[in-house]
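Visitor: Taken in sequence, the protein lines are chains V and L.
First residue of the first sequence: 842, per the numbering used here; consecutive thereafter.
First residue of the second sequence: 842, per the numbering used here; consecutive thereafter.
Positions of the beta carbon are idealized from the N, C-alpha and C atoms, including for glycine.
There are 2 protein chains.
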Amino acid sequence: MKKIYGIGIGPGDKELITLKAYRLIKECDYIFVPMSKGKSLAKTIVSEYTEGKDVIEIEFPMGEKNAIRYRNAAEKMDHMMKDGQTAVFLTLGDAMVYSTYIYLMLELQKLDFQVETVPGITSFNAAASCLNMPLTMKDERFCLCDRFVDEEILKRVDSIAVLKVNTNKEDILNKLEKHRFHYVYIKRCMLPEQKTLYDRHAILADDDYMSLIIARKVGVRSGE
Amino acid sequence: MKKIYGIGIGPGDKELITLKAYRLIKECDYIFVPMSKGKSLAKTIVSEYTEGKDVIEIEFPMGEKNAIRYRNAAEKMDHMMKDGQTAVFLTLGDAMVYSTYIYLMLELQKLDFQVETVPGITSFNAAASCLNMPLTMKDERFCLCDRFVDEEILKRVDSIAVLKVNTNKEDILNKLEKHRFHYVYIKRCMLPEQKTLYDRHAILADDDYMSLIIARKVGVRSGE
């Protein structure tokens, strides 16, 4: 049997990976990383820990249908590995939160790989810590979503994180203001280029794929 | 100035702390851990990393008013430390998610401590990885809450984690079933005593403070 560890390597700070991730990267036979548009941020983040080892970039070509691209990637990994070998597949943030790995995992399971998922620090947990902003205090509720916010949910939660906000920021900010949320926009959280914006106009003017909005209802106790 | 690092040490597996947490524990002048009923799980989890160092247990007595217990703890830490020294305060899971540390941080900030929060792996991220169960796939929404679930939210999210379920399990399970969620009950996630229950009667019969329910809507794509 072949074993894959799907590992969340956290938001981008090379120190925010777990001891388990570090050990598995050192011990495994193969290191796979996702590549997008010729780049692999995951590969850059762990580069200090992979010295002397081959890092194999796995592409998920945008033009292909989902079912095919993940199937092809899983088959490529299958062909490279021998029975009894282990590999890690590294993914940003947490492995079970909006990750390419989830789709890959489903294909790997069909090919009879043994799969173990190792959790990582999410971008929204990192953002909350970075701002000393509580995500949830006793009896509070938190919602995680991507791109769109739902007004009925806004009425019923105390804090929210919206990932991948670059396509729809104005609508998101309008709804957050209507429902009296304090919001913060963070791009490239925990990377050297990290930037934190509070001003509506500055947020609307920015355009970065790796950005998120984290918000907390006004009147709710705050750490800031 | 005195500096406190509030550090999330993850769900209980000593390998699921970050490299940053590990380094700060080794480098700091003082290690503070929360103690409850004479025990400190945080102290046990990191015991291998604190050898040769004093670990100072901080109690938050239940009888006292919140404002007073956190104020007293912050003052105790203030009295022990000298200017220019650093300390870590270790908390289970992530530091900004339902933690005692949040309340302590607010008091430390009033006493002019420099505070830096270091994120950790949450119990619900760990549970999702452990089950290979996606928390969120593209365009999905996730809700985090403690003790109670809100039916309007259940209609509008794809997955949910409910922490501290021991007081109110039957109501939670009824609502999850009504809104067609597949649920899993995990206690002591990532600790040696970890147990995973799927059966309604077994879940209702169990009684453990460190338990959570993680659930995903039926019909939503699943990793299981």
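1. What do you reckon, are the CB atoms on residue 995 of chain L and residue 1020 of chain L nearer than 8 Å?
2. Within 8 Å of any Cβ in chain L, is that where the Cβ of residue 1064 of chain V sits?
3. Assign residue 997 of chain L to one of three DSSP states: helix, strand, or coil.
4. With a Cβ-Cβ cutoff of 8 Å, do residue 873 of chain L and residue 928 of chain L count as a contact?
5. Exposed or buried, which one is residue 864 of chain L when buried takes at least 16 other CB atoms within 10 Å?
6. Which residue from V:1060, V:1004, V:891, V:1011 puts its Cα closest to that of residue 1040 of chain V?
7. When Cβ atoms are compared, which residues of the region 964 to 978 of chain V fall closer than 8 Å to chain L?
8. CB-CB under 8 Å to residue 922 of chain L, same chain, minus the five flanking residues each way: which ones, in chain order?
9. Compare the C-alpha of residue 1028 of chain L against each of L:845, L:915, L:852, L:913 and name the closest.
10. Looking only at C-alpha atoms, which of V:1024, V:848, V:894, V:997 sits nearest to residue 1004 of chain V?
11. Runs of 4 residues minimum, wholly inside the region 877 to 931 of chain L: which ones carry the alpha helix (DSSP H) assignment?
12. Check whether chain L comes within 8 Å of residue 1024 of chain V, counting only Cβ atoms and requiring the distance to be less than that.
13. Looking at chain L, which residues of the region 933 to 956 of chain V have a Cβ within less than 9 Å of any of its Cβ atoms?
14. Along chain V, in chain order, which residues have C-beta atoms closer than 8 Å to that of residue 860 of chain L?
15. Starting from the beta carbon of residue 986 of chain L, find every residue of chain V whose beta carbon is closer than 7 Å, and list them in chain order.
16. Under three-state DSSP, which class holds residue 1048 of chain L?
17. Measure the Cβ-Cβ separation of residue 982 of chain L and residue 1008 of chain L and say whether it is below 8 Å.
18. If we ignore side chains and look at the alpha-carbon of each, how far apart do residue 1022 of chain L and residue 894 of chain V end up?
19. Taking CB distances under 8 Å as the criterion, tell me whether residue 997 of chain L reaches chain V.
20. Within the same chain, show all residues whose beta-carbon is closer than 8 Å to that of residue 913 of chain V, passing over the 5 residues directly before and after it, in chain order.
21. With C-beta atoms as the reference, is residue 958 of chain V less than 8 Å away from residue 937 of chain V?
22. Just checking: is the beta-carbon of residue 795 of chain L within a distance shorter than 8 Å of some beta-carbon in chain V?
23. Going by the CB atoms, is the gap between residue 866 of chain V and residue 956 of chain V shorter than 8 Å?
24. Could you list which residues in chain L have their beta carbon closer than 9 Å to that of residue 875 of chain V, in chain order?
25. In the DSSP assignment, the alpha helix (DSSP H) including residue 845 of chain V goes from what residue to what residue?
26. Taking all protein chains shown into account, decide if residue 940 of chain V is buried (16 or more other Cβ within 10 angstroms of its Cβ) or exposed.
27. Start and end of the beta strand (DSSP E) containing residue 1022 of chain V?
Guide: Looking at the coordinates:
1. It is a contact, given that the beta carbons lie within the stated cut-off.
2. With a pLDDT of 43 at residue 1064 of chain V, under the threshold of 50, the modelled position of this residue cannot be trusted, and the question is left open.
3. If DSSP states are grouped into helix, strand and coil, residue 997 of chain L belongs with the helices.
4. Yes.
5. exposed
6. V:1011
7. 966, 967, 969, 970, 971, 973, 974, 975, 976, 977, 978
8. When the five nearest sequence neighbours on each side are left out, the beta carbons in the same chain lying within less than 8 Å of the beta carbon of residue 922 of chain L are those of 843, 870, 871, 928, in order along the chain.
9. L:852
10. V:1024
11. Those alpha helix (DSSP H) runs which fall completely within the region 877 to 931 of chain L and span 4+ residues are 882 to 886, 907 to 921.
12. no
13. For the region 933 to 956 of chain V, the residues whose beta carbon sits under 9 Å from a beta carbon of chain L are, in order, 935, 936, 937, 938, 939, 940, 943, 944, 946, 947, 950, 956.
14. 855, 856, 857, 858, 859, 860, 863
15. 982, listed in chain order.
16. In the structure shown, residue 1048 of chain L sits in coil (DSSP, three-state: anything other than H, G, I, E or B).
17. no
18. In a straight line, the C-alpha of residue 1022 of chain L is about 43 Å away from that of residue 894 of chain V.
19. Residue 997 of chain L has a beta carbon lying within less than 8 Å of a beta carbon in chain V.
20. Excluding sequence positions up to five before and after residue 913 of chain V, its CB lies within less than 8 Å of the CB of 905, all in the same chain and listed in chain order.
21. For residue 958 of chain V and residue 937 of chain V, yes; Cβs fall inside 8 Å.
22. Here chain L comprises residues numbered 842 to 1065, so residue 795 of chain L is not present and cannot be evaluated.
23. no
24. Correct list: empty, because the minimum Cβ distance to chain L is about 15 Å.
25. Looking at the DSSP string, residue 845 of chain V is not in any alpha helix (DSSP H); the run it does join, the beta strand (DSSP E), is 844 to 849.
26. buried
27. 1022 to 1028
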